[in-house]
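Numbered by UniProt numbering, the letters in the sequence shown go through residues 1 to 286 in order.
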Amino acid sequence: MDFNVKKIVKDAGAAISRVVQLTEEKLGTSEKTELDAHFENLWERADTTKSWTEKLLRNTEAVLIPNPGNRIEDFVYQKIEKKRPSRLSNLEYLGLDMIEAGNVFGPGTTYGNALIKVGLCEQKLGQTERDFIGSAAISYTQPLTKFLEGEMKTISKEKSILENKRLDLDACKNRVRKARSLLGTQVKDGLSPEAVLDQAERDLRVAQSEFDRQAEITKLLLEGVSSSHAAHLRCLQEFVETQARFYAQCSSAMTELQQELSSMPDLDNTNPLTNSIQIKGNNEGS
């Protein structure tokens with residue numbers, strides 16, 4: 001229990017020290033340790049990668065699943081780790097309606113038969129589209145999501161830790177400077193200026209070591225973004241292959257449907273609904 005209290009007090013003190021240091025930096029009354037140009041370039045590239053990956057992911061998902069409500073529903077099911085309910089695509093709904101209409105008009109009529117053929121094709125296209133969406137998710141959107149929620153979150157976390165270590169380091173540097181300015185002065189109570197300086201310099205060495213270690217950890221993670229770019233390139237190539245296969249399958253299905261429809265005879269007069277409309281029109285004309 002005592003250890004926990006001490007830790008809480010220590011953490012609170014560190015937090016206050018960081019706030020004071022950050023405030024002084026903004027006021028221009030305290031110096032700030034700058035990271036080297038190579039590190040800054042690595043961080044800028046990682047931050048740019050994160051921003052554009054998020055945008056590419058949103059736009060790809062909007063293309064694959066145009067309905068915002070469905071995207072939200074899929075997101076919720078993904079977060080609670082449950083399988084989302086199976087839903088028909090718009091093409092499949094259209095196909096069902098065409099098949100039903102074709103049966104109403106009569107499968108033996110030219111128009112009814114054509115509606116059924118087109119409806120079946122639309123259902124096939126809808127299933128092909130669903131397969132494409134699933135394949136595109138596996139090959140492209142899921143790896144991008146994993147990158148953002150895994151690697152980028154880790155990098156952001158370590159960068160935040162590094163910033164805290166940097167604030168601690170600069171606060172220690174300020175304490176050393178203040179301790180040195182007190183050398184030679186008389187102290188009535190408490191530690192001598194020399195003892196205060198000695199303690200401040202020890203704290204500074206520890207803070208510098210921790211900062212350097214954290215900077216190296218963060219730098220290694222940032223350098224790994226290059227490997228992520230290479231992985232994303234492979235995912236992009238797989239996405240293009242999946243998309244090309246999808247359009248080829250759709251083109252093949254539509255070409256086959258066109259050939260079937262072109263070989264059908266012209267609209268006949270065997271449809272009872274068509275005949276009743278025509279008879280009604282003749283009676284009104286007479």
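Just so it is clear, CB atoms sit at the ideal spot from N, CA and C, and this is done for glycine as well.
Problem - Straight-line gap, P143 to E151 (C-alpha atoms, nearest Å) - result: Rounded to the nearest angstrom, the two C-alpha atoms are 11 angstroms apart.
Practice task
List the endpoints of the continuous alpha helix (DSSP H) containing G108.
Solution key: Looking at the DSSP string, G108 is not in any alpha helix (DSSP H), and its letter there is neither H nor E.
Problem - Euclidean distance between Cα positions of E163 and Y140 - result: Between E163 and Y140, the C-alpha separation is close to 33 angstroms.
Problem - Where P66 sits in the DSSP three-state scheme - result: Residue state, collapsed to three classes: coil.
Practice task
Might you give, ordered along the chain, the residues of its own chain that have their beta carbon closer than 6 angstroms to the beta carbon of Q278, omitting 5 neighbours on each side?
Solution key: Only weak support is given to the placement of Q278: the predicted model assigns it a pLDDT of 42, under 50, and the value that follows is read from those uncertain coordinates. Counting only Cβ-Cβ distances below 6 angstroms, and skipping sequence neighbours, we find nothing.
Practice task
Return helix, strand or coil for S286, following the three-state DSSP convention.
Solution key: Low confidence applies here, because S286 scores a pLDDT of 44, under 50, leaving its location unreliable; read the following figure in that light. Here S286 sits in coil by DSSP.
Problem - Sufficient close CB pairs (3 or more, under 8 angstroms) joining the stretch 90-100 to the stretch 206-225 - result: By the Cβ criterion, the stretch 90-100 is not in contact with the stretch 206-225, since fewer than three pairs of Cβ atoms, one from each stretch, lie closer than 8 angstroms.
Handout entry: L167 versus T154: straight-line alpha-carbon distance, rounded
Key = When rounded, the distance between both Cα atoms is 20 angstroms.
Handout entry: Any 3 or more C-beta pairs closer than 8 angstroms across the stretch 105-123 and the stretch 210-217
Key = Verdict: no, contact absent.
Practice task
Express the C-alpha separation of E34 and R180 in angstroms, rounding to a whole number.
Solution key: Cα to Cα, the separation comes out at about 23 angstroms.
Practice task
Ignore the nearest five residues each way along the sequence and tell me which others in M1's own chain have a CB closer than 6 angstroms to its CB.
Solution key: Confidence at M1 is low in this model, with a pLDDT of 45, below 50, so its placement is unreliable and the value that follows should be read with caution. Excluding sequence neighbours, M1 sits near nothing in its chain.
Exercise for the section: Using the Cα positions of R202 and Q21, report the straight-line distance between them to the nearest angstrom. Expected result: Near 19 angstroms, if we compare the C-alpha coordinates of Q21 and R202.
Handout entry: For K219 and F39, the rounded distance between their alpha carbons
Key = Their Cα atoms are separated by approximately 7 angstroms.
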